[in-house]
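Chains U and X, in that order, are what the protein sequence lines are.
Residues in the first sequence are numbered consecutively from 161, following the numbering used here.
Residues in the second sequence are numbered consecutively from 161, following the numbering used here.
There are 2 protein chains.
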Amino acid sequence: MTDKIQIAHGGGGRLSSQLIDDQIVSRFGDGPLKGLPDAASLPGINGRIIYSTDSYVVQPIEFPGGNIGNLAIHGTVNDISVAGGKPLWISLSLIIEEGFEMSTFRKVLDTIKSSAEECGVKVVTGDTKVVAKGQCDKIFINTSGIGEAFSEFTLNKTNIKPGDKIIVNGTVGDHGMAVLTAREGINIINGPESDTASVHRLVESAREFGGHVKFMRDPTRGGVATVLNEIVENNNFGIKLKETELPVSPGTHSISEILGIDPLALACEGRMLLVCSPEVSEKILQKWKKFPEGKKAKVIGTATEDRGMVLLEAVTGGTRLVDVPLGELLPRIC
Amino acid sequence: MTDKIQIAHGGGGRLSSQLIDDQIVSRFGDGPLKGLPDAASLPGINGRIIYSTDSYVVQPIEFPGGNIGNLAIHGTVNDISVAGGKPLWISLSLIIEEGFEMSTFRKVLDTIKSSAEECGVKVVTGDTKVVAKGQCDKIFINTSGIGEAFSEFTLNKTNIKPGDKIIVNGTVGDHGMAVLTAREGINIINGPESDTASVHRLVESAREFGGHVKFMRDPTRGGVATVLNEIVENNNFGIKLKETELPVSPGTHSISEILGIDPLALACEGRMLLVCSPEVSEKILQKWKKFPEGKKAKVIGTATEDRGMVLLEAVTGGTRLVDVPLGELLPRIC
Numbered sequence: 161m162t163d164k165i166q167i168a169h170g171g172g173g174r175l176s177s178q179l180i181d182d183q184i185v186s187r188f189g190d191g192p193l194k195g196l197p198d199a200a201s202l203p204g205i206n207g208r209i210i211y212s213t214d215s216y217v218v219q220p221i222e223f224p225g226g227n228i229g230n231l232a233i234h235g236t237v238n239d240i241s242v243a244g245g246k247p248l249w250i251s252l253s254l255i256i257e258e259g260f261e262m263s264t265f266r267k268v269l270d271t272i273k274s275s276a277e278e279c280g281v282k283v284v285t286g287d288t289k290v291v292a293k294g295q296c297d298k299i300f301i302n303t304s305g306i307g308e309a310f311s312e313f314t315l316n317k318t319n320i321k322p323g324d325k326i327i328v329n330g331t332v333g334d335h336g337m338a339v340l341t342a343r344e345g346i347n348i349i350n351g352p353e354s355d356t357a358s359v360h361r362l363v364e365s366a367r368e369f370g371g372h373v374k375f376m377r378d379p380t381r382g383g384v385a386t387v388l389n390e391i392v393e394n395n396n397f398g399i400k401l402k403e404t405e406l407p408v409s410p411g412t413h414s415i416s417e418i419l420g421i422d423p424l425a426l427a428c429e430g431r432m433l434l435v436c437s438p439e440v441s442e443k444i445l446q447k448w449k450k451f452p453e454g455k456k457a458k459v460i461g462t463a464t465e466d467r468g469m470v471l472l473e474a475v476t477g478g479t480r481l482v483d484v485p486l487g488e489l490l491p492r493i494c
Numbered sequence: 161m162t163d164k165i166q167i168a169h170g171g172g173g174r175l176s177s178q179l180i181d182d183q184i185v186s187r188f189g190d191g192p193l194k195g196l197p198d199a200a201s202l203p204g205i206n207g208r209i210i211y212s213t214d215s216y217v218v219q220p221i222e223f224p225g226g227n228i229g230n231l232a233i234h235g236t237v238n239d240i241s242v243a244g245g246k247p248l249w250i251s252l253s254l255i256i257e258e259g260f261e262m263s264t265f266r267k268v269l270d271t272i273k274s275s276a277e278e279c280g281v282k283v284v285t286g287d288t289k290v291v292a293k294g295q296c297d298k299i300f301i302n303t304s305g306i307g308e309a310f311s312e313f314t315l316n317k318t319n320i321k322p323g324d325k326i327i328v329n330g331t332v333g334d335h336g337m338a339v340l341t342a343r344e345g346i347n348i349i350n351g352p353e354s355d356t357a358s359v360h361r362l363v364e365s366a367r368e369f370g371g372h373v374k375f376m377r378d379p380t381r382g383g384v385a386t387v388l389n390e391i392v393e394n395n396n397f398g399i400k401l402k403e404t405e406l407p408v409s410p411g412t413h414s415i416s417e418i419l420g421i422d423p424l425a426l427a428c429e430g431r432m433l434l435v436c437s438p439e440v441s442e443k444i445l446q447k448w449k450k451f452p453e454g455k456k457a458k459v460i461g462t463a464t465e466d467r468g469m470v471l472l473e474a475v476t477g478g479t480r481l482v483d484v485p486l487g488e489l490l491p492r493i494c
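The following block contains the structure:
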């Protein structure tokens, strides 16, 4: 047993098999992973299949509120969920830097295991590569995921009409801010903690509102600002937000003020935006508030006639345009 | 239009969208990729689902016979194929180093597109991350893939009996050797070329032999030696190979001799091993020889009573044990 990852751990020989048996199969191998080493054999799906992938390169790999392991599960589970699906199976592919601490590796895998269990998904197939020191940064994780579409949803942003409501399930920008503070070594009492979490229960609880739910999305890279602009792009409506209604945690708020960063442009990893007809917005809020991940859910805005524009009614009274950030606010936040 | 990848290309803002529209959606976007940016919605699958993933970190990313783009498609398509499935859909996730040449990026994407078309699979969902210079090595690619299981196969290595035949569809070790020569700058006339290719047509053509086909696998990392040892492990039989029957290309043979490398331990990326009952081996060979990727197919060995052992009858007459390489023969070959 070595305490660091070696190049030979990725070489396909005996050390590779040992690493996979000891660390991967021991954690995830009670499922289909056990049978076929390079592919999983799974039962068929009657409804439509939802399929998604993401690579996670967050730096640092540990931050207040989580690590790269939570992100790798929550991110892909959330992509499937907000597409209107029930996440079922996950693939897990690791690129590890030679010299990576085995103890940290085990911690990340433990997080993946516990997050997957919370989300009700199974890691069913995987891959492990090792590259020489300096050829990647500690560990990069790819997950892809398969889900089954809920038949109740008919998501289509072109169905949105002025008057429809925009709901978010909690404070915005905490993940981006938590990674920023971890990276820069900013230590603040009651500082921001990542919101990394799964939204799959929120999506399931909105199923009964079927066609009234017109759009769902998790605001990750580019934040709420980017998603809202994508919604209005080439569409016949705009969106107006109220700054007074925008949930921002005290930690994220104070650092945003100091650094001049807009929390709307910061990534979330446990939030979802949902656009629905006004008659169901309060009902959805009631349902969501029963879950820890929906406790602070709020209507933050309304669809308007201002075609193509996302506007924010500021605390001070004025109105400003919420634009898409041009480039990288903060690289490697997920 | 910039000629190098910038950090902002991965930031989730305008430059990200532009890169994805110009380079990804333009090539793959006629399918489900177009509709839902973070997840694909696909028709259901009645039979069992075959699901696989691999990350590709080959260095150098271009080598005689292919580049990282071919590998990323062939590798995952082959994993699904040898598990007895028809590959259908591919996810494509890119981690790109800041400063990576846009022209090389386009070349790799073109290769992915053409390889996917040849294999009859569709890239349906994806992700693009950019990391700072020095935080990865040019480009890492993850593909995962979904296929539908062919009902004819009942693959199980415990069904193998002494007398069963081991078939390979062509020369062994060429991919590993091609990458080695490219990396070390060894230039030889008629040197080794990677065998990277899809075996999906070979698998389809073996369907009619159903239960006579007991095992299929692509010998990638660890080569033929590793796969054969996996087959005999904890089983009631052994395997005997004949060196005189082993197809090795002249280029790979000569460099193997000079460097003292066993081609059996080198990776292939377009080869498959198939174990079948003796009554169908010639019929499978006949079918395979009709395809370019099966033209040099051969029976290379036979299952024996020598429980747990893989033996090679050498050209010189003696017999040696074929063992699993302990560690990394050649890192980053796929």
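The beta carbon of each residue, even a glycine, is placed where N, CA and C say it ideally should be.
**Asked** Name the DSSP bridge partner or partners of SER201(X)?
**Response** The residue given as residue 201(X) occupies position 41 in the second sequence. Partner(s): ILE210(U).
**Message:** Quick check: what's the CA-CA separation for VAL237(X) versus GLY173(X)?
**Reply:** In the second sequence, counting from the first residue as 1, residue 237(X) sits at position 77. In the second sequence, counting from the first residue as 1, residue 173(X) sits at position 13. So the two alpha carbons sit approximately 32 Å from each other.
**Asked** Any idea which residues DSSP pairs GLY189(U) with across the strands?
**Response** Position 29 of the first sequence, counted from the start, is the residue given in the question as residue 189(U). Answer by DSSP bridge pairing: none, since GLY189(U) is not bridged.
**Asked** Do you know whose CA, among PRO438(X), LEU248(X) and ILE228(X), lies nearest ILE504(X)'s CA?
**Response** For chain X, the structure presents residues 161 to 494; residue 504(X) sits outside this window and is missing.
**Message:** I need the DSSP call for ASN394(U), collapsed to helix, strand or coil.
**Reply:** Walking along the first sequence from the start, residue 394(U) turns up at place 234. Note: ASN394(U) maps to coil in three-state DSSP.
**Item:** Contact between the segment 321 to 328 of chain U and the segment 431 to 449 of chain U (3+ Cβ pairs under 8 Å)
**Value:** yes
**ASP334(U), DSSP secondary structure in three states** = Position 174 of the first sequence holds residue 334(U). ASP334(U): helix per DSSP, three-state reduction.
**Asked** In angstroms, rounded to a whole number, what distance separates the CA positions of PHE310(X) and ALA199(X)?
**Response** Taking the first residue of the second sequence as position 1, residue 310(X) is located at position 150. Taking the first residue of the second sequence as position 1, residue 199(X) is located at position 39. Using only the alpha carbons, I get a separation of about 26 Å.
**Message:** Out of ALA168(U), GLY171(U) and GLY235(U), which one is the CA nearest neighbour of ALA427(U)?
**Reply:** Reading the first sequence from its first residue, position 267 is the one you call residue 427(U). The option with the nearest alpha carbon to ALA427(U) is GLY235(U).
**Prompt:** Thinking C-alpha only, which one of ILE272(U), ILE250(U) and VAL290(U) is nearest GLY259(U)?
**Reply:** If you number the first sequence from 1, residue 259(U) lands on position 99. It is VAL290(U).
**Request:** Please confirm whether HIS360(U) and SER241(U) have their CB atoms less than 8 Å apart.
**Result:** Reading the first sequence from its first residue, position 200 is the one you call residue 360(U). Reading the first sequence from its first residue, position 81 is the one you call residue 241(U). Closer than 8 Å, so yes.
**Asked** DSSP state of LEU426(U), grouped into three classes?
**Response** Translated into positions along the first sequence, residue 426(U) becomes position 266. Of the three classes helix, strand and coil, the one that applies to LEU426(U) here is coil, per DSSP.
**Item:** Residues near GLY351(X) by beta carbon distance below 6 Å, same chain, minus five either side
**Value:** Residue 351(X) sits at position 191 when you count from the first residue of the second sequence. Here the set comprises THR341 and GLY411.
**Asked** Which of the residues in the segment 286 to 312 of chain X, read from start to end, lie with their CB under 9 Å from any CB of chain U?
**Response** GLY286, ASP287, THR288, LYS289, VAL290, VAL291, ALA292, GLY294, GLN295, CYS296, ASP297, PHE300, ASN302, THR303, SER304, GLY305, ILE306, GLY307, GLU308 and ALA309
**Message:** Measuring alpha carbon to alpha carbon, tell me which residue in LYS402(U), VAL440(U) and SER416(U) is nearest GLY477(U).
**Reply:** Position 317 of the first sequence, counted from the first residue, corresponds to residue 477(U). Out of LYS402(U), VAL440(U) and SER416(U), LYS402(U) has the C-alpha closest to the C-alpha of GLY477(U).
**Residue closest to VAL268(X), alpha-carbon to alpha-carbon, out of ARG381(X), PHE223(X) and GLY307(X)** = In the second sequence, residue 268(X) corresponds to position 108, counting from 1. Residue PHE223(X) is the option with its Cα nearest to VAL268(X).
**Asked** Is ALA200(U) close to chain X, meaning its C-beta is less than 8 Å from at least one C-beta of that chain?
**Response** Residue mapping note: residue 200(U) aligns to position 40 of the first sequence, counting from 1. Output row for ALA200(U): interface = yes.
**Prompt:** For the segment 209 to 223 of chain U, which residues have a beta carbon sitting closer than 9 Å to at least one beta carbon of chain X?
**Reply:** ILE209, ILE210, TYR211, SER212, THR213, ASP214, SER215, TYR216, VAL217 and GLN219
**Message:** Here's the rule: buried if 16 or more other CB atoms are within 10 angstroms of the residue's CB, otherwise exposed. What is GLY454(U)?
**Reply:** Here residue 454(U) corresponds to residue number 294 of the first sequence, with the count starting at 1. Result: buried.
**Prompt:** CB-CB under 6 Å to ILE256(U), same chain, minus the five flanking residues each way: which ones, in chain order?
**Reply:** In the first sequence, counting from the first residue as 1, residue 256(U) sits at position 96. Here the set comprises ILE165, VAL290 and ILE299.
**LYS449(U) vs ALA457(U) beta-carbon contact at 8 Å** = Numbered from its first residue, the first sequence carries residue 449(U) at position 289. Numbered from its first residue, the first sequence carries residue 457(U) at position 297. Taking 8 Å as the Cβ cut-off, LYS449(U) and ALA457(U) qualify as a contacting pair.
**Request:** Give me whichever residues DSSP pairs with CYS329(U) in a beta bridge.
**Result:** Taking the first sequence and counting its residues from 1, the one referred to as residue 329(U) is at position 169. The identity of residue 329(U) in the sequence shown is Asn, whereas the question assumes Cys. Note: ASN329(U) sits in no beta bridge, so no partner.
**Integer Cβ distance of GLY229(X) from ILE272(X), believed to fall under 8 Å** = Translated into positions along the second sequence, residue 229(X) becomes position 69. Translated into positions along the second sequence, residue 272(X) becomes position 112. Correct: roughly 4 Å between the Cβ atoms.
**Prompt:** Within 8 Å (strictly less), CB to CB, does ALA243(U) reach chain X?
**Reply:** Stepping through the first sequence from its first residue, residue 243(U) is reached at position 83. So yes, ALA243(U) belongs to the interface.
**Message:** So, under 8 Å CB-CB, TYR211(X) and ILE348(X) are touching, yes? Tell me the CB distance rounded to an integer number of Å.
**Reply:** By 1-based counting over the second sequence, the position of residue 211(X) is 51. By 1-based counting over the second sequence, the position of residue 348(X) is 188. Rounded, the Cβ-Cβ distance is 40 Å, inconsistent with contact.
**Request:** Using a Cβ-Cβ cut-off of 8 Å, state whether ARG381(X) counts as contacting chain U.
**Result:** The residue given as residue 381(X) occupies position 221 in the second sequence. ARG381(X) counts as touching chain U.
**Message:** Does ASP270(X) pass the burial test, meaning 16 or more other C-beta atoms within 10 Å, or should it be called exposed?
**Reply:** Position 110 of the second sequence, counted from the start, is the residue given in the question as residue 270(X). Exposed.
**Message:** Spatial neighbours of PRO407(U) within its chain, please: C-beta separation below 8 Å, excluding the five flanking residues on both sides.
**Reply:** Start at 1 with the first residue of the first sequence, and residue 407(U) comes out as number 247. Contacts found: VAL328, GLY330, THR331, VAL332, LYS456, LYS458 and ILE460.
**Message:** Can you give me the C-alpha to C-alpha distance between SER441(X) and PRO452(X), rounded to a whole angstrom?
**Reply:** Locating residue 441(X) in the second sequence gives position 281, where the first residue counts as 1. Locating residue 452(X) in the second sequence gives position 292, where the first residue counts as 1. Each residue's Cα considered, the two are about 18 Å apart.
**Asked** Quick one: Cα of GLU353(U) to Cα of THR380(U), how far?
**Response** Within the first sequence, numbered from 1, the residue matching residue 353(U) stands at position 193. Within the first sequence, numbered from 1, the residue matching residue 380(U) stands at position 220. When rounded, the distance between both Cα atoms is 15 Å.
**Prompt:** What residues of chain X sit near TRP496(U), judged by a beta carbon separation below 8 Å?
**Reply:** Residue numbering for chain U in the displayed model covers 161 to 494; residue 496(U) lies beyond these limits and cannot be assessed.
**Nearest-angstrom Cα separation, counted from ASP214(X) out to MET262(X)** = Locating residue 262(X) in the second sequence gives position 102, where the first residue counts as 1. Locating residue 214(X) in the second sequence gives position 54, where the first residue counts as 1. Approximately 24 Å, taken between the alpha carbons.
**Message:** According to DSSP, is ASN227(X) part of a helix, a strand, or is it coil?
**Reply:** Within the second sequence, numbered from 1, the residue matching residue 227(X) stands at position 67. In the structure shown, ASN227(X) sits in a strand (DSSP, three-state: E or B).
**Burial state of THR479(U) (16 or more Cβ within 10 Å)** = Position 319 of the first sequence, counting from 1, holds the residue named residue 479(U). THR479(U) is exposed by the Cβ-count criterion.
**Request:** Evaluate THR162(U) with the Cβ neighbour count: other Cβ atoms within 10 Å of its Cβ, from every protein chain shown; 16 or more gives buried, anything less gives exposed.
**Result:** For the purposes of this step, residue 162(U) is identified with residue 2 of the first sequence, where counting begins at 1. By the 10 Å Cβ count, THR162(U) comes out exposed.
**Request:** With 7 Å as the limit, tell me which residues of the segment 425 to 459 of chain U have their beta carbon closer than that to any beta carbon of chain X; keep them in chain order.
**Result:** none
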